[in-house]
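If you're matching positions, the sequence shown starts at 1 in the UniProt record's numbering and goes up one per residue.
Notes follow the structure.
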Amino acid sequence: MSIRAVCPECQQVYKVADEKAGKRFQCKQCSGVVTIPAVAGVAVVPQAVAPVKKPVKKPMTTVAAPVAVEVEEPAVASPAKKKKKKTAPAAGKSSFGLSTLLMTYQRAFDFQGRSNRTEYFNFLLSVFWCKSLLS
(Lines of atoms letter the chains of each structure in order from A and count residues from 1; the text may use other names and numbers.)
(Lines give C-alpha, C1' and ligand atoms only; values in the text may rest on other atoms or scores of the structure.)
Protein backbone atom coordinates (compact mmCIF):
# COMPACT_ATOMS: atom_id res chain seq x y z
CA MET A 1 0.00 0.00 0.00
CA SER A 2 1.22 3.54 -0.62
CA ILE A 3 0.74 6.87 1.11
CA ARG A 4 -0.35 9.98 -0.70
CA ALA A 5 1.80 13.06 0.09
CA VAL A 6 0.98 16.56 -1.17
CA CYS A 7 3.46 19.43 -1.45
CA PRO A 8 2.15 22.40 0.57
CA GLU A 9 3.78 24.88 -1.84
CA CYS A 10 2.74 23.75 -5.34
CA GLN A 11 0.14 21.05 -4.50
CA GLN A 12 2.08 18.36 -6.40
CA VAL A 13 0.87 14.87 -5.40
CA TYR A 14 3.32 12.04 -4.63
CA LYS A 15 2.73 8.34 -3.89
CA VAL A 16 5.19 7.04 -1.30
CA ALA A 17 5.71 3.61 0.32
CA ASP A 18 4.28 3.00 3.79
CA GLU A 19 7.72 2.63 5.39
CA LYS A 20 8.52 6.27 4.52
CA ALA A 21 5.73 7.59 6.78
CA GLY A 22 6.85 10.51 8.98
CA LYS A 23 9.87 11.37 6.83
CA ARG A 24 10.48 14.48 4.76
CA PHE A 25 11.70 15.00 1.22
CA GLN A 26 12.20 17.83 -1.26
CA CYS A 27 9.58 18.53 -3.92
CA LYS A 28 10.92 17.99 -7.46
CA GLN A 29 8.83 20.82 -8.89
CA CYS A 30 9.24 23.73 -6.44
CA SER A 31 11.99 22.46 -4.09
CA GLY A 32 9.65 22.83 -1.12
CA VAL A 33 9.80 20.44 1.84
CA VAL A 34 7.12 17.73 1.84
CA THR A 35 6.32 15.77 5.00
CA ILE A 36 4.92 12.28 4.43
CA PRO A 37 1.83 11.82 6.67
CA ALA A 38 1.43 8.79 8.92
CA VAL A 39 -1.08 6.07 7.96
CA ALA A 40 -4.04 5.83 10.35
CA GLY A 41 -3.34 2.22 11.32
CA VAL A 42 0.45 2.38 11.24
CA ALA A 43 2.39 3.93 14.07
CA VAL A 44 5.20 6.17 12.97
CA VAL A 45 8.46 5.40 14.68
CA PRO A 46 10.71 8.41 14.47
CA GLN A 47 14.26 7.61 13.52
CA ALA A 48 16.97 8.37 15.93
CA VAL A 49 18.42 11.70 15.01
CA ALA A 50 22.17 12.02 15.34
CA PRO A 51 22.97 14.45 18.12
CA VAL A 52 24.14 17.81 16.94
CA LYS A 53 27.74 18.30 17.86
CA LYS A 54 28.32 21.50 19.73
CA PRO A 55 31.39 23.44 18.77
CA VAL A 56 34.27 22.76 21.07
CA LYS A 57 34.81 25.71 23.31
CA LYS A 58 38.29 26.78 24.17
CA PRO A 59 38.99 26.16 27.82
CA MET A 60 38.77 29.35 29.78
CA THR A 61 41.99 30.44 31.29
CA THR A 62 41.46 31.34 34.87
CA VAL A 63 43.49 34.05 36.45
CA ALA A 64 44.40 33.48 40.04
CA ALA A 65 43.59 36.24 42.47
CA PRO A 66 46.62 38.29 43.44
CA VAL A 67 48.30 37.06 46.57
CA ALA A 68 49.87 39.48 49.01
CA VAL A 69 53.52 38.66 49.49
CA GLU A 70 55.64 40.28 52.14
CA VAL A 71 58.95 41.44 50.79
CA GLU A 72 61.77 42.42 53.05
CA GLU A 73 63.37 45.59 51.83
CA PRO A 74 67.03 46.28 52.46
CA ALA A 75 67.81 48.64 55.31
CA VAL A 76 69.40 51.25 53.05
CA ALA A 77 68.42 51.10 49.44
CA SER A 78 70.40 53.23 47.06
CA PRO A 79 69.11 53.76 43.55
CA ALA A 80 71.13 52.09 40.86
CA LYS A 81 73.28 54.56 39.00
CA LYS A 82 72.92 54.66 35.28
CA LYS A 83 76.09 54.42 33.31
CA LYS A 84 76.58 57.36 31.04
CA LYS A 85 77.60 56.76 27.51
CA LYS A 86 80.94 58.21 26.65
CA THR A 87 80.59 60.92 24.08
CA ALA A 88 83.06 63.26 22.54
CA PRO A 89 83.24 66.59 24.39
CA ALA A 90 81.54 69.51 22.70
CA ALA A 91 83.66 72.05 20.88
CA GLY A 92 85.05 74.66 23.26
CA LYS A 93 84.31 72.57 26.36
CA SER A 94 87.17 70.13 26.03
CA SER A 95 89.13 69.50 29.21
CA PHE A 96 92.22 69.15 27.03
CA GLY A 97 91.74 72.70 25.78
CA LEU A 98 91.24 73.96 29.33
CA SER A 99 94.37 72.22 30.57
CA THR A 100 96.34 73.74 27.69
CA LEU A 101 94.99 77.17 28.62
CA LEU A 102 96.00 76.65 32.26
CA MET A 103 99.51 75.56 31.29
CA THR A 104 99.89 78.65 29.13
CA TYR A 105 98.56 80.87 31.91
CA GLN A 106 100.89 79.18 34.42
CA ARG A 107 103.93 79.92 32.27
CA ALA A 108 102.92 83.53 32.07
CA PHE A 109 102.80 83.76 35.88
CA ASP A 110 106.03 81.75 36.28
CA PHE A 111 107.73 84.18 34.01
CA GLN A 112 106.78 86.99 36.36
CA GLY A 113 108.12 85.00 39.34
CA ARG A 114 104.94 84.39 41.29
CA SER A 115 105.47 80.93 42.83
CA ASN A 116 102.29 80.73 44.95
CA ARG A 117 100.15 80.94 41.83
CA THR A 118 102.23 78.20 40.21
CA GLU A 119 101.25 75.73 42.89
CA TYR A 120 97.58 76.68 42.49
CA PHE A 121 97.70 76.22 38.73
CA ASN A 122 99.53 72.90 39.11
CA PHE A 123 96.70 71.75 41.36
CA LEU A 124 94.06 72.90 38.87
CA LEU A 125 95.96 71.33 36.01
CA SER A 126 96.15 67.96 37.79
CA VAL A 127 92.41 68.07 38.60
CA PHE A 128 91.40 68.74 35.01
CA TRP A 129 93.91 66.24 33.67
CA CYS A 130 92.54 63.48 35.93
CA LYS A 131 89.00 64.42 35.01
CA SER A 132 89.79 64.11 31.32
CA LEU A 133 91.33 60.67 31.87
CA LEU A 134 88.32 59.38 33.83
CA SER A 135 85.64 60.58 31.44
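We treat Cβ as the ideally placed atom computed from N, Cα and C, and that holds for glycine.
Quick caveat: nothing in here was measured; it's all calculated off a predicted structure.
Per DSSP, the continuous beta strand (DSSP E) segment holding S2 begins and ends at S2 to V6. Under the DSSP assignment, V13 falls in the beta strand (DSSP E) whose first and last residues are V13 to A17.
Going by DSSP, V33 is part of the beta strand (DSSP E) stretching over V33 to T35.
Going by DSSP, Q26 is part of the beta strand (DSSP E) stretching over R24 to Q26. DSSP places V39 outside both helix and strand once states are collapsed to three, so it counts as coil.
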